[in-house]
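Here's the structure, in structure tokens; my notes come after.
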Amino acid sequence: MREYKYLLVDADDTVFDFLACEAAAIKSVLARYGLPHDTKTVNAYSKINLKYWKAFERGEIKRESIFLGRFKEFLALINSDVEPMKINDDYFAELSNRAVLMPGALQTLSYLAKKYRVFITTNGVSATQIKRTNDSGVADLVEKIYISEDIGFQKPSAEYFDFVLKDIGQLDRSRYLIIGDSLTSDILGGINAGIDTLWVNVRGNPASDDIKPTFTVNSFTSLQKIL
Ligand SMILES: [Mg+2]
């Protein structure tokens, strides 16, 4: 194993239980509008949302198109004429207040912070991620939070990591390890940037033939066995 010193840790579905945060936030907003908010409806939204973020990761759409597109499609599905961007804004406000952590996340971050320099690297929305990392205590355990919206590039682009490395002031890529749950943003990002990766496969997703992580664990806490 290389002598890592800098850990670039993803936020959603790595440190935060994003699906739990998302479900709670969307449920609450839909209820407020008097729209259906059962599990099936919430899952339908989640699936549509994921599709838009993946298209964004592949560089096929701009970030603003995620927000309009996902709610336009979802509201059409449930036959609602609510204004998509209005519900999107309410959803962001609600999501900012949800900071459900993965089990043992704070303990693991504090363990890592004693041995490494730890940074959060996330594709999330700036205002939302800043509030959630502050409220949850995550911000106290890491040195800095790099949010794609502020940087102008997103994972998995090499430019995103170029910015982060320059800002940290260490350009030796062998000293870095990228940690995250997503093959298409975190692990592919590492491959694009020439940085080793640790895949936190919390949801038991199938491995990929093309996008291969350096290490794999099945929970955020269990990476303490490696690092
Ligand atoms: Mg993630």
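Under this note's numbering, the first residue of the sequence shown carries the number 25, and numbering increases by one thereafter.
For each residue, glycine too, the CB sits at the ideal point set by N, CA and C.
(1) Please state the DSSP three-state secondary structure of Tyr30.
(2) Do Ser198 and Glu118 have their C-beta atoms closer together than 8 angstroms?
(3) Expressed to the nearest angstrom, what Euclidean distance is found between the alpha-carbon atoms of Pro237 and Gly58?
(4) Pull up the CB-CB distance for Gly213 and Phe185, whole angstroms please, since I reckon it's below 8 angstroms.
(5) At a cut-off of 7 angstroms, is Ser243 close to ligand 1 when judged by its beta-carbon and the heavy atoms of the ligand?
(6) Report all residues from its chain with a CB closer than 6 angstroms to the CB of Asn242; omit the five preceding and five following residues, and keep chain order.
(7) Where does the unbroken beta strand (DSSP E) through Ile169 begin, and where does it stop?
(8) One question on the structure: do Ala182 and Ala129 come within less than 8 angstroms of each other, judged by their Cβ atoms?
(9) Decide if Gly204 is buried, meaning its Cβ has at least 16 other Cβ atoms within 10 Å, or exposed.
(10) Taking the runs of the beta strand (DSSP E) that are 3 residues or longer, which of them lie wholly in the stretch 78-149?
(11) Where does the unbroken alpha helix (DSSP H) through Tyr184 begin, and where does it stop?
(12) Quick check on DSSP: helix, strand or coil for Tyr69?
(13) For Ile202, which residues does DSSP report across the bridge?
Concretely, from the data shown:
(1) Along the sequence shown, read from residue 1 onward, the residue named residue 30 stands at position 6. Assigned with DSSP and collapsed to three states, Tyr30 falls in strand.
(2) In the sequence shown, residue 198 corresponds to position 174, counting from 1. In the sequence shown, residue 118 corresponds to position 94, counting from 1. If you check the CB distance, Ser198 and Glu118 do not come in under 8 angstroms.
(3) By one-based count along the sequence shown, residue 237 stands at place 213. By one-based count along the sequence shown, residue 58 stands at place 34. Between Pro237 and Gly58, the C-alpha separation is close to 44 angstroms.
(4) Locating residue 213 in the sequence shown gives position 189, where the first residue counts as 1. Locating residue 185 in the sequence shown gives position 161, where the first residue counts as 1. About 6 angstroms; that satisfies the 8 angstroms criterion.
(5) Translated into the one-based positions of the sequence shown, residue 243 becomes position 219. No; taking the cut-off as 7 angstroms, the Cβ of Ser243 has no heavy atom of ligand 1 nearer than that.
(6) As a working mapping, residue 242 is identified with position 218 in the sequence shown. Excluding residues within five positions, the ones whose Cβ falls inside 6 angstroms are Asn225.
(7) Taking the first residue of the sequence shown as position 1, residue 169 is located at position 145. 168-171 is the span of the beta strand (DSSP E), which, as asked, contains Ile169.
(8) By 1-based counting over the sequence shown, the position of residue 182 is 158. By 1-based counting over the sequence shown, the position of residue 129 is 105. Not a contact, by the Cβ cut-off of 8 angstroms.
(9) On the sequence shown, residue 204 is found 180 positions in, with the first residue counted as 1. It is buried - the Cβ of Gly204 has at least 16 other Cβ atoms within 10 Å.
(10) Runs found: 141-146.
(11) Position 160 of the sequence shown holds residue 184. Start and end: 182-192.
(12) Locating residue 69 in the sequence shown gives position 45, where the first residue counts as 1. In the three-state reduction of the DSSP assignment, Tyr69 falls in the helix class.
(13) Numbered from its first residue, the sequence shown carries residue 202 at position 178. BP columns for Ile202 point to Leu32, Thr221.
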